[in-house]
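Asks: Protein chains in written order, with the numbering used here: chain X, 1437 to 1771; chain A, 1437 to 1771; chain Z, 60 to 470; chain S, 60 to 470. Heads up, the beta-carbon is just placed ideally off N, CA and C, and yes, glycines get one too. Here the structure is a predicted model, which means the values were calculated and not measured. The structure under discussion is supplied below as C-alpha cells; questions concerning it will follow.
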Amino acid sequence: MTMAQALNSAMDVMLARDPNVLIFGEDVGYFGGVFRVTEGLQKKYGRNRVFDTPIAEGGIVAAAIGMGVNGLRPVVEIQFCDYIHPAFDQLVSELSRLRYRSGGQFWSPVTVRTPCGGGIHGGQTHSQSPEAVYAHVCGLKTVMPSNPYDAKGMLISAIEDDDPVIFLEPKRLYNGPFAGDPEQQSGRWDAHPKGEVPDGYYTVPLGQAEVVVPGDELTIVGYGTLVHVAVAAAREAGVCAEIIDVRSMMPLDIDTLAASVKKNGRCLIVHEATRTCGYGAELSAQIQEACFWSLKAPIERVTGWDTPYPHAQEWEYFPGKKRVLEAIRRIMEIA
Amino acid sequence: MTMAQALNSAMDVMLARDPNVLIFGEDVGYFGGVFRVTEGLQKKYGRNRVFDTPIAEGGIVAAAIGMGVNGLRPVVEIQFCDYIHPAFDQLVSELSRLRYRSGGQFWSPVTVRTPCGGGIHGGQTHSQSPEAVYAHVCGLKTVMPSNPYDAKGMLISAIEDDDPVIFLEPKRLYNGPFAGDPEQQSGRWDAHPKGEVPDGYYTVPLGQAEVVVPGDELTIVGYGTLVHVAVAAAREAGVCAEIIDVRSMMPLDIDTLAASVKKNGRCLIVHEATRTCGYGAELSAQIQEACFWSLKAPIERVTGWDTPYPHAQEWEYFPGKKRVLEAIRRIMEIA
Amino acid sequence: MNPLTGKLHIPDAPFRPGQHADYSKVTLPAAGELERPDVLVEERLIRHMPYSMIRVLDTEHRAVGPWNPNLDVETLRQGLRFMLLTRAYDDRMMRAQRQGKLTFYVKSTGEEGFTVAQCLALRPGDMLFTTYRQPAAAIARGAPLVDMMCQCLSNSRDNLRGRQVPTLYSFKEVNFFSISGNVGTQFPQAVGWAMASNYKGEDHIASAWVGEGASAEGDFHYAMTFASVYEAPVILNIVNNQWAISTFQDFAGGEHCPFAARALGYGMPGLRVDGNDFLAVYAATQWAAGRARAGKGATLIELYTYRAESHSSSDDATRYRPVDDWQNWPLGDPILRLKQHLIDLGEWTEERHLALEAELKQAVMDAWQEAVSYGTLEEGPRPPVAAMFEHVYKELPPHLIKQRRQLGVEP
Amino acid sequence: MNPLTGKLHIPDAPFRPGQHADYSKVTLPAAGELERPDVLVEERLIRHMPYSMIRVLDTEHRAVGPWNPNLDVETLRQGLRFMLLTRAYDDRMMRAQRQGKLTFYVKSTGEEGFTVAQCLALRPGDMLFTTYRQPAAAIARGAPLVDMMCQCLSNSRDNLRGRQVPTLYSFKEVNFFSISGNVGTQFPQAVGWAMASNYKGEDHIASAWVGEGASAEGDFHYAMTFASVYEAPVILNIVNNQWAISTFQDFAGGEHCPFAARALGYGMPGLRVDGNDFLAVYAATQWAAGRARAGKGATLIELYTYRAESHSSSDDATRYRPVDDWQNWPLGDPILRLKQHLIDLGEWTEERHLALEAELKQAVMDAWQEAVSYGTLEEGPRPPVAAMFEHVYKELPPHLIKQRRQLGVEP
Ligand SMILES: Cc1ncc(C[n+]2csc(CCOP(=O)(O)OP(=O)(O)O)c2C)c(N)n1
Ligand SMILES: Cc1ncc(C[n+]2csc(CCOP(=O)(O)OP(=O)(O)O)c2C)c(N)n1
Ligand SMILES: [Mg+2]
Ligand SMILES: [Mg+2]
C-alpha cells in the first residue's frame, strides 16, 4: 500500500469498528480529499459519517470538540497544515486543555490529520512543518509517521486515543518514499518493507521512537521525509549511523534517543521545518541534558532555513542529501 | 517610572513625533487599557489616533496590516497574550511574510504589544508566555524587556522598525520588579536603577542581549521576570554568576551569550514558559553548538512545567528562586 | 499629511462619567406588539423580527400579547427564587473577593433573569455552554452552591482541582459545560455538540451564549455557519448587555443594526428579546427549542439587557460610564419586574419577598461557611500540588512523571 | 446507538457526474426589475436587495432598467478587450502548465467579466485585494503580461524572486495587492487599508474579493465587523462561483440564503449581482464606490457566477460534477453576452471579434516568448539562490547571513 492508501485503510477500519467515528473536512466527502486520502469512504459509510465542511478550519476543530464531548470520535482533515492556523486558538486554548480545565469532567478525543512538509513545489503555503508549535502545547499529542505501516497503525492509535492528536502526514511520502534527491524519481512503497501493510486492524503505539537502521558510529535523529534522506545520506557517507525515526514529538521517547547517543557519542538532528525554535532545538537540548558526558562532538542540526519555504529555491531550502552528508562528514571528522 | 508608565511614555513620544502612528486595541481608547498602559493617550491625541476595537484579535491584526501597507505605523495591543491566538494566522501567514512574498513591494511595520507571563493569579488564560512560537516564525521580530528603561527604548525601536515586532510585556513587572518570591512584596521601580527613564525620545536597539550582572563562575540566561529571579537566586547562592537578559528572542544576540558561556563553562537557562519546545530549547541548542568545547557541565533549563498554568498551584508552577537556586547548586557541584 | 483632516469614524459611548445616562436613542416597541409566528415558520417570512423586540411584560407588569408563555405560578415563583438566589450568591462572592478570599469575581447583576428563564424553558438533558456571567445557569440546574464556591476558592474540594480562576465553572452532572477563559470559543463547540446529538438520534439540544462584545470573534461566524449548513439543533444567544469591559456595544457593530440581524445572513431566524423580561425570554427560548427539536435547526436570540455592575472585580466602571446608568435603564431590573408581576397577579407579596430574600441569604451564608471550611486559596487547604500534573493527558506521560519528581512531589 | 437513525443534515450538490446539470432551483428576477436606490440611501430602506439580483442585460442582450450604467462604447469595447485578453492568457498559461512549464495554474474562465467591470468602475488609486482567480484585475490595471508570466514561471525576472506559486501576483505600481495563499486573509486587511485612507484624508477606496467558500473563514466576519464599525471606504465582494474545489456553495451557507444577505447583520448594504453581466457589475460597483467615497462606508456585493473550469491544474472537476454544467449555466458567458450586446448596438461585428481574438492571442504568444526567454523554473535561469534569504526582514539579520554562508552562496 502507499501511505495514502494506508491512511485510508486506517479510517476504513475505524469507521467499520466504531459507529462513533466521523470523518470530515474540506473536500473529504464526495471527492475524497485533495490527496485522495479519504477516497471511497463517503460512498461506503454514507454522508452522515464522512462529509464536507465549510472552509473554516477553526469551525471544523470547534465542531469536532463539541462532538467529541458528546461521545463521538471525530477525525478531521485540515487540507494543508499551512491552513491549520485559523484553528490555532481552538487547538491550543480549547482542545488541548478541556480535560485539564474541567478537572477531567470533559474531554474530546479529536484526531486532526493534516499533510505537512515540502518537496512538491507547493511554495510557502503548501510546504510547512509546524510540529514544534504543537509539541510546545501541552495536552496535545503530536506525531508524524514516515511510512505506510506506521501511518496506518499510528492513525488507528490516534483515533482510539482519548487525548487529542495532531497527526502530521508528510505529503511528499503519500505515494512513494523520497530520499531527498529531486533529480531522482520517488521510490515505490510496494518495493519498501514498510509498504507492506495488513488490511485489518493493528496499532503502532504513539510515543515510541523507532531505530530504523542500527549503527554504532553516529546517531541521526529525524522524522517524516527526513528519515529517508538520512538513510540515503548515511549510506552514501559510508558511515555506520544509527538512524532513529522520532515518530512522536509529544510525548517524546527520549530513552531510545539517549541510549543511542550515549552509545555513539555523536548526534545529528535533521528536520525540514524552519531552524530557530524548530523541534530539533528541543531534541538537541534534551539529548545534551541526557548524554552530555558521552558526547564526542557538538550535536548538529540540519534543517530548513529561517525563511519562508520558497517556490523556486525549493531544493536549496530542503535539507537534502547533500547537506546531511556534509554534516555527517563534519561530525565524523571530529576526533 | 514604572514599566507601565515607561511604555506609555514611549507611545506618547511616538504619537507626538510621527503622525502615522496609531494606537488601538480592546479597551485601549477611552479607558486606557486594562493595565492602564495607554492611559491618557486618547485624551491627548484624539479618538482618531487612539481608539477601541471590536473583540476580534484577528481583525485587529488584519486591520493593522492593511493600515501599515497604506503608510501608517499601527501599534496594537492584544489585551493578554493568551488571547493572541485568534490572530495567529494573520501574524504568521500574513504579517510575517508580506515583504517576502511580495518581493519587497509591500510590508507593514506593525507593532503588537501584549502582556505575558504569570505571577498574578491569572490562571491558565492570563499567564502564558508564547515567545517560542513567535521566535519560530521567520519574518517577525520577537522581544521582551525586563525593566522600564529597556521597555521604553525598545518599544520606540519597535515602532520605528520597518519589520513587524511582537512586543511581549511581562505583566508582573508593570508596577515593580519581582524576584519570584510570592511571600515578598514586589519591589519599586523608582528604587531600581532601570526605573530611571528619560522623558523624551531614546532607543534601545532590538537584537541585543545585555549582561545584567557580570560574573565568572556560571552564566544564567533568561528574560522578562526571570531576570530578576535569577539575580536574586544567584545572590542567595553566593555564586558569581554572569546574568544575561536575552531581551530579543528573534533576532538573538548569540554572540553575547556564547562569549559568556565560553568564558564560564557553565550555563543555566531560565524561563517561565512551558518547557518542551520553549525558547530555552533553542538557547540550549545554540549555546551547545557554539560553546561545546568549553562546557564543564550540561546546560540546564529551569522552566514552567509542561502543564497549563494553574490557578491554585501558581507558585509551584512558576520557576521561582528556590528552583533556580537548586539548579545553580547542581551545576556548580559538577567538578 | 495632517491627521486632523482624517475622517475615520470612531464610535463613542452615548454617555461618559459625569454625563447623564441618556437612553433617548433606545427605541422599543410596546410589549405585546410583535406577532408570534408558528414554530415551523419559514425563515423568509420573519425577516423583520430582528429589528423589533419580543416583550411580554408591559409597563404595568401585565403579561400581554402573543408571546405570553402563560406560565403557571409555580414556574414564576421558581424563576424568582433562582434569580434572587443568584443575586444573593453574587453579592456574597463579591464581598468575599473584596475581603481577599477570592482572587477575582464576576457579578451578573441585572442579568439573572434571562439565564434563569432560559434554563427553565430548556430540558435537563440540553447542554449549556454559558459565559462567565451566568452563575444563574448553574444555580437553576441545581449545582450545589458549596461546589460553586469551592471552585471560586480553589480549595481542597474544588471540582476543578484549582486549575481555573473563579467563575469558570464546570458541572458535567447537570450538563453545564466547562467555561473557557477565552471568550467566544464555545459558541461553535456548542454547534458540534448539537450535531452529535442529531447524529445519535437524540433530541437533546445545545444552548450557547456569547457577549455582544465577544460576538466579534471569528468563532461567532463559525458557529453561525456550521449551525446553518448542518441545521444543528442549537440556540445561539448573544447577550447584549451594552458593554464589553469599557467598550460600548457600538464597537461590536451595534451602532448600525441589532445583533439579532446577524441571523439573516445565515438564513436563520433571529429573535430580539427584552432580556430583563422573564416571560419574553422564556417564550422566545421555548420557541427556539421547539423549532430545534422539530428538526428546523438553529435560532439566534439577542438578549437585550444591561450590565449593572463593573465588568469584574478587577474593573471599575465609574471610570468610563455614569454611576446611575443602570438605575435609568429603560428595561429595569428583571427581579423587580417579575416580582411585581407576581404581586399584581395576587400570587406574591412584599412580605413573602422579604422572607424569601432572607431565607436565600441565609442559605448562601451557610453554604459559604461550609465552603471555606474546605479551605481558601490564600490559607489552604488547596488541591494537592501533584494535581497540577494530572489531566493534562488521560494518563501521565513519562515527561510529566519526571517533572513531578523534579518538583519533589509525590502523587 | 445506530448511526443510521441519525438525522444530521448534510447538504449535497444539486448534480454529480453522470447527472444532468439541473438549474431549476436557481430563480432569477428579470433584468431591469430591481430598483436603483440613491447612493446615499439609508441601509434600512434596502434590506430586500440581497434577496433579489441586479441585472441589466436581458435575454435579448439589451441593457434595461435603472441599473443600466449607460456606458460609452469605448468602455464597453475596452471591457471586452480585457476579458478576451484574460481568456487568451488563461488558455496559454494552462497549456504551459500541461506542458510542464508551470508547477501550477488557476484559470478564471467564465469569471473574467465581473473583475474587468469592477476594475473599470474603480479608479487607479483604489487598492485591489484580489483572489488567485482574478488575473483580469492585473490585466485591466495594465500589469505587463510578461511580468505576470515571469511570476508564474519563477524565472530570473520574476518580480517576486521565485517565492510564490503561480498566480499569487503582486503589482504595487498598479495598486494590485500581493495575493496570499491562505484564502480569506486579505478581506480584513483591505478594511484596514481603507481605514488608513480615511485617516489620511484621501479618497482612495479599497476593493476586496473572497470566494463564497472562503467566506466561511473568520476573516470574513472580521472584515464585515471592522468595515461596519469604522465605516471604512471599502467594497467587500463575495465571488459566488458555486464551487469551492469540489464543495458546493451550500456548504458555505448558500443553501439557506444568498451570501449578499450577510450584509444585513452588519447594517451594511448588500447587493447581489449577476456576475456575468458586465453592465450590472459595473453599475453596482459604481454605486458602492460612490457610496464609499461619499463617506457612507462599505457595501457587500455578491457576484453570482459559475466556475467554468476545474479548480486549478491540480484538480479534475469531472470527478465531482457533470461535464456540461457551465454550458448550461443560466447566466451564460460574460464575454459572449457583452459581445452580443455590442453587436446588437451596431458597435461590434463577428469579424472584428475574431480579429481581436487573433490579435490578443498573438500578443499573449509574443509575451510568452519573451517571458520564457527569461527562464523557466525547470530549466532556469531562476532567481538567485541568495534571494531566498532576502526580504525576510528589511535587513539581513546575523543568523540569516550565517545560514546563507552555510548554504555556500554569496550575496
Ligand atoms: C479571546 C479573548 N479576547 C479578549 C479577552 C478579554 N476579555 C475578557 S471579558 C472581555 C469583554 C467581553 O465582553 P462581552 O462579550 O460583551 O461580555 P460581557 O463581559 O459583557 O458579559 C474581554 C475583552 C478574552 N477573555 N478572550
Ligand atoms: C485558509 C485556507 N484553507 C484552505 C485552503 C485550500 N483551498 C485553496 S482554494 C480553496 C477553495 C476556495 O473556494 P472559493 O473560496 O469558493 O474560491 P474559488 O476557488 O471558487 O474561486 C481551498 C479550500 C486555503 N488556501 N487556505
Ligand atoms: Mg457585553
Ligand atoms: Mg467558489
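Using a Cβ-Cβ distance cut-off of 8 Å, determine whether Z:D262 contacts chain X.
Replies: Cβ-Cβ to chain X under 8 Å: no for Z:D262.
Asks: Are the CB atoms of S:G467 and S:L212 nearer to each other than 8 Å?
Replies: Cβ atoms of S:G467 and S:L212: not closer than 8 Å.
Asks: Would you verify that the beta carbon of Z:A422 is, or is not, closer than 8 Å to some beta carbon of chain A?
Replies: So, not an interface residue.
Asks: Closer than 6 Å by C-beta to S:R464: which residues in its own chain qualify, once you throw out the five before and the five after it? Chain order, please.
Replies: Here the set comprises nothing.
Asks: Considering only their Cβ atoms, is the gap separating S:A446 from S:G221 smaller than 8 Å?
Replies: Yes, these two residues count as a Cβ contact at 8 Å.
Asks: Under 8 Å between C-beta atoms, does S:T306 make it to chain X?
Replies: At least one chain X Cβ lies under 8 Å of S:T306.
Asks: For ligand 4, is there a heavy atom less than 7 Å away from the beta-carbon of S:V298?
Replies: S:V298: yes, Cβ under 7 Å from ligand 4.
Asks: Taking 7 Å as the cut-off, does the CB of Z:H412 come closer than this to any heavy atom belonging to ligand 2?
Replies: Outside the cutoff, so no.
Asks: For X:E1567, which residues in the same chain have their Cβ closer than 7 Å to its Cβ, ignoring the five residues on either side in sequence?
Replies: Here the set comprises T1578, M1580, L1604, M1685, A1709, Y1715.
Asks: Is it buried or exposed, X:R1711, if we count other Cβ atoms within 10 angstroms and call 16 or more buried?
Replies: Buried: at least 16 other Cβ atoms inside 10 Å.
Asks: Among Z:L93, Z:M108, Z:N218, Z:N300, which residue has its Cα nearest to the Cα of Z:F173?
Replies: Ranking the options by Cα distance to Z:F173, first place goes to Z:N300.
Asks: Can you look up Z:T10 in the DSSP assignment and give me helix, strand or coil?
Replies: Missing from the structure shown is residue 10 of chain Z; chain Z here goes from 60 to 470 and no further.
Asks: Under three-state DSSP, which class holds Z:H120?
Replies: Z:H120 falls in the coil class under three-state DSSP.
Asks: For X:R1737, count neighbouring Cβ atoms within 10 angstroms of its own Cβ and tell me buried if that reaches 16, exposed if not.
Replies: Answer is buried; the Cβ neighbour count reaches 16.
Asks: Assuming A:K1479 is part of the alpha helix (DSSP H), what are its boundary residues?
Replies: Unbroken alpha helix (DSSP H) run through A:K1479: 1477–1481.
Asks: Regarding Z:W385 and ligand 3, is the C-beta to nearest heavy atom distance less than 7 Å?
Replies: No, the beta carbon of Z:W385 sits no closer than 7 Å to any heavy atom of ligand 3.
Asks: Taking Cβ-Cβ distances shorter than 7 Å, what residues in chain Z pair up with X:N1506?
Replies: Going along chain Z in sequence order, the residues near X:N1506 (Cβ under 7 Å) are W252, A255, S256.
Asks: S:S287 and Z:H315: beta carbons closer than 8 Å?
Replies: Yes, they are a contact pair.
Asks: Here's a check: name, in chain order, each residue in its chain whose Cβ is nearer than 8 Å to the Cβ of A:P1650, leaving out the five neighbours to either side.
Replies: So the list reads E1678, once near-sequence residues are dropped.
Asks: What is the C-beta distance between X:D1508 and X:L1576, in whole angstroms, given that I count them as a contact (C-beta under 8 Å)?
Replies: Sequence check: residue 1508 of chain X is Leu here, not Asp. Not really, about 19 Å apart at Cβ, beyond 8 Å.
Asks: Quick one: what does DSSP say S:T174 is sitting in, helix, strand or coil?
Replies: Helix.
Asks: Would the C-beta of S:E271 count as close to ligand 4, meaning under 7 Å from any of its heavy atoms?
Replies: Under cutoff, so the answer is yes.
Asks: From the DSSP output, in three-state form, read off S:W268 for me.
Replies: In this structure, S:W268 counts as strand in the three-state DSSP scheme.
Asks: Are any of the Cβ atoms in chain S nearer than 8 Å to that of A:M1503?
Replies: Interface residue, yes.
Asks: Please identify the residue among S:S373, S:H412, S:I105 whose C-alpha is closest to the C-alpha of S:P34.
Replies: The structure shown does not extend to residue 34 of chain S, since chain S is modelled only from 60 to 470, so the question has no answer here.
Asks: Can you check the region 1493–1569 of chain X for any alpha helix (DSSP H) of at least 4 residues that lies completely inside it and give the ranges in chain order?
Replies: Runs found: 1493–1505, 1534–1537.
Asks: Using a Cβ-Cβ distance under 8 Å, would S:S229 count as near chain A?
Replies: Yes, S:S229 counts as interfacial toward chain A.
Asks: Quick one: what's A:F1460 bridged to in DSSP?
Replies: According to DSSP, A:F1460 bridges with A:F1487, A:V1512.
Asks: Please confirm if the region 372–388 of chain Z is in contact with the region 156–163 of chain Z, defined as three or more CB-CB distances below 8 Å between the two stretches.
Replies: Judged by Cβ distances under 8 Å, the region 372–388 of chain Z makes contact with the region 156–163 of chain Z, as three or more pairs qualify.
Asks: Expressed to the nearest angstrom, what Euclidean distance is found between the alpha-carbon atoms of Z:G298 and S:A303?
Replies: Reading off the sequence, residue 298 of chain Z comes out as Val, not Gly. Cα-Cα distance, rounded: 34 Å.
Asks: Hey, quick one: how far does the alpha helix (DSSP H) through Z:C316 stretch, first residue to last?
Replies: Element bounds for Z:C316: n/a, residue is neither H nor E.
Asks: Looking only at its chain, what residues have a beta carbon closer than 6 Å to the beta carbon of S:A342, apart from the 5 residues adjacent to it on each side?
Replies: Here the set comprises W126, P128.
Asks: Could you check which residue in A:R1537, A:H1707, A:L1451 has the C-alpha nearest to that of S:K231?
Replies: When each option's Cα is compared against that of S:K231, the closest is A:R1537.
Asks: Pull up the distance between the alpha-carbon of A:P1420 and that of Z:A122, whole angstroms please.
Replies: Since the first residue of chain A shown is 1437 and the last is 1771, residue 1420 of chain A is not available in this structure.
Asks: Taking only beta-carbon atoms, is Z:F279 less than 8 Å away from chain S?
Replies: With 8 Å as the cut-off, Z:F279 counts as an interface residue toward chain S.
Asks: Excluding five sequence neighbours on each side, which residues of the same chain lie with their C-beta closer than 6 Å to the C-beta of A:A1670?
Replies: These residues qualify, in order along the chain: A1677.
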